[in-house]
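Numbering (numbering that gives the first Met the number 0), first residue to last: 0 to 241. For every residue, glycine included, the Cβ atom is placed at its ideal position computed from N, Cα and C. As the structure is a prediction and not an experimental result, all values here were calculated from the model. Please read the structure below before turning to the comments.
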Amino acid sequence: MIAGMTKQRTNKPTLGILVCGHSTEKMSAKFGSYANFFEQLLGSDSFEYKPFKVVDGDFPHSINDADAWLLTGSKHGAYEPHPWIPPLENLIREIYAAQLPMAGICFGHQIMAQALGGKVEKFDGGWVAGTQRYKLAAETGASDALLNAWHQDQVVEKPADATVIGSSDNCEFAALSYRSNTVSLQPHPEFNNDHVTMLLAERGGSLPSHSYQIAAASLGQKLHNNLIANWLVQVLSGQKAA
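Next up, the structure:
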């Protein structure tokens, strides 16, 4: 080190990633785990990442194990009787009561809504998969956004504390804001077109043929993942004004 210079330290906030599901074997081999998806989306310089596989019963000891929290997607339903669902809902309520930053994506969006007083059900219109157009609030930085989706369940009743900040033709409650540091999204900003192409190959058999065809035909468009990533970083690092 040159004389007179001091080594600079960057104190990044810790983001606890509550991993609610597992990616497929082939997706994991190519893209990494669900936690890796979010590290890639939000950037290695934004946070120190600390994953907890709550889907496997691995829970943090305390809500203070991280400065902010993010809940991932999952193949499971928020209303299904899995043993890890009730403690996850309790954890969400604790984080919310403590006013720590929190965000949920897809299943994370749904379980947050359910834990905080909303309702989640299978969508009457069936599967929503592939690239969708969303009308989002200006605060997200992407008011007319193209994002990938992969879900059959939806929030059908929002919690009383939640404000709708995003919707689409087939998802009324596509994005919710509870306060400046607590938000959730039904679509997957962590999924690029390659992710969904592989999902179609790996799990496309779950979709009706018409849903599969619509999803496959929708891919290839320019997504707004980076704009949503910038917004999420601001929310989770406490940079958003109240």
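Pairwise C-alpha distance: residue j and residue i
| i | j | result |
| --- | --- | --- |
| residue 77 | residue 21 | 15 Å |
| residue 241 | residue 154 | Note that residue 241 scores 42 on pLDDT, short of 50, meaning its location in the model is unreliable and no value can be drawn from it. |
| residue 211 | residue 169 | 16 Å |
| residue 8 | residue 201 | Model confidence at residue 8 stands at a pLDDT of 40, short of 50, so the residue's coordinates are unreliable and nothing is read from them. |
| residue 2 | residue 44 | Any reading at residue 2 must be qualified, since the residue scores a pLDDT of 41, below 50, and its modelled position is unreliable; no value is offered. |
| residue 192 | residue 23 | 16 Å |
| residue 111 | residue 13 | 20 Å |
| residue 30 | residue 38 | 11 Å |
| residue 47 | residue 11 | 6 Å |
| residue 121 | residue 171 | 13 Å |
| residue 64 | residue 16 | 11 Å |
| residue 224 | residue 41 | 10 Å |
| residue 60 | residue 19 | 17 Å |
| residue 114 | residue 229 | 26 Å |
| residue 199 | residue 69 | 25 Å |
| residue 50 | residue 116 | 26 Å |
| residue 102 | residue 175 | 10 Å |
| residue 205 | residue 74 | 11 Å |
| residue 86 | residue 62 | 12 Å |
| residue 131 | residue 216 | 11 Å |
| residue 197 | residue 26 | 7 Å |
| residue 219 | residue 91 | 35 Å |
| residue 71 | residue 137 | 24 Å |
| residue 141 | residue 195 | 21 Å |
| residue 184 | residue 32 | 19 Å |
| residue 52 | residue 133 | 30 Å |
Endpoints, the alpha helix (DSSP H) within which residue i is located
| i | result |
| --- | --- |
| residue 62 | Counting along the chain, residue 62 falls outside any alpha helix (DSSP H), and DSSP gives it neither H nor E. |
| residue 193 | 192-202 |
| residue 85 | 84-96 |
| residue 106 | 106-114 |
| residue 39 | 33-41 |
| residue 217 | 208-217 |
| residue 222 | Segment: none, residue 222 is in no alpha helix (DSSP H) and carries neither H nor E. |
The beta strand (DSSP E) enclosing residue i, as first and last residue numbers
| i | result |
| --- | --- |
| residue 134 | 127-135 |
| residue 51 | 47-51 |
| residue 189 | Neither: residue 189 is in no beta strand (DSSP E) and is coded neither H nor E. |
| residue 167 | 162-167 |
Exposed unless 16 or more other CB atoms sit within 10 angstroms - verdict on residue i
| i | result |
| --- | --- |
| residue 143 | exposed |
| residue 98 | exposed |
| residue 108 | buried |
| residue 233 | buried |
| residue 221 | exposed |
| residue 147 | buried |
| residue 89 | exposed |
| residue 152 | buried |
| residue 238 | exposed |
| residue 100 | buried |
| residue 257 | The structure shown does not extend to residue 257, since the chain spans only 0 to 241, so no value can be given for it. |
| residue 0 | Any reading at residue 0 must be qualified, since the residue scores a pLDDT of 39, below 50, and its modelled position is unreliable; the value itself is stated next. Exposed is the call here. |
| residue 94 | buried |
| residue 79 | exposed |
| residue 207 | exposed |
| residue 187 | buried |
Residues that residue i bridges to, as DSSP identifies them
| i | result |
| --- | --- |
| residue 101 | 68 and 181 |
| residue 143 | 134 |
| residue 23 | Beta-bridge pairing links residue 23 to no other residue. |
| residue 156 | 118 |
| residue 16 | 50 and 69 |
| residue 174 | 165 and 184 |
Presumed contact (8 Å Cβ cut-off) between residue i and residue j, rounded CB distance
| i | j | result |
| --- | --- | --- |
| residue 127 | residue 150 | 6 Å |
| residue 166 | residue 159 | Going by Cβ atoms, the distance from residue 166 to residue 159 rounds to 18 Å, so no, they are not a contact pair. |
| residue 129 | residue 213 | 6 Å |
| residue 135 | residue 104 | That belief does not hold up - the Cβ atoms of residue 135 and residue 104 are roughly 14 Å apart, past 8 Å. |
| residue 83 | residue 56 | 6 Å |
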